[in-house]
Amino acid sequence: MPKPLPESSNIKLQLKIKSATKTHYDGEASSITSYNDTGVFDILPQHANFITVIKEKIIVNKGLEGQVEVKVENGVLSVKEDRVDVYLGF
Numbered sequence: 000m001p002k003p004l005p006e007s008s009n010i011k012l013q014l015k016i017k018s019a020t021k022t023h024y025d026g027e028a029s030s031i032t033s034y035n036d037t038g039v040f041d042i043l044p045q046h047a048n049f050i051t052v053i054k055e056k057i058i059v060n061k062g063l064e065g066q067v068e069v070k071v072e073n074g075v076l077s078v079k080e081d082r083v084d085v086y087l088g089f
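Using numbering that gives the first Met the number 0, read the sequence shown as starting at 0 and increasing by one per residue.
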């Protein structure tokens with residue numbers, strides 16, 4: 000079971016979004032929002048291990064640095080130990 004996050008947690012997700020020809024994003028994120036067949040979902044630090052097929056878009060929340068939005072036709076998102084890997088266009 001994950002440890003509770005302190006209120007002022009500095010834990011970040013490490014995110015890499017790749018397609019066959021390009022790396023769309025490689026860096027830290029405070030949270031990630033995307034869509035799958037059941038609707039919208041969020042990934043936060045210390046999220047359970049998770050894998051899903053995604054569609055529409057990914058919104059990368061970079062905290063005070065703002066947001067990055069990546070359009071998605073289809074892809075696979077995998078979460079393991081605060082590392083999020085996204086493979087687009089499978």
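A virtual CB, placed ideally from N, CA and C, is assigned to each residue, including glycine.
Boundaries of the beta strand (DSSP E) around lysine 79: 66 to 79. In this chain, leucine 43 is not harboured by any beta strand (DSSP E), its DSSP state being neither H nor E. Cβ neighbours of serine 77 within its own chain (closer than 6 Å, five residues either side excluded): Ile50 and Asp84. Under the DSSP definition of a beta bridge, asparagine 60 partners with Ser30 and Gln66. With contacts defined as CB atoms closer than 8 Å, proline 44 and lysine 11 qualify as a contacting pair. Here the alpha carbons of serine 29 and lysine 79 stand approximately 15 Å from one another.
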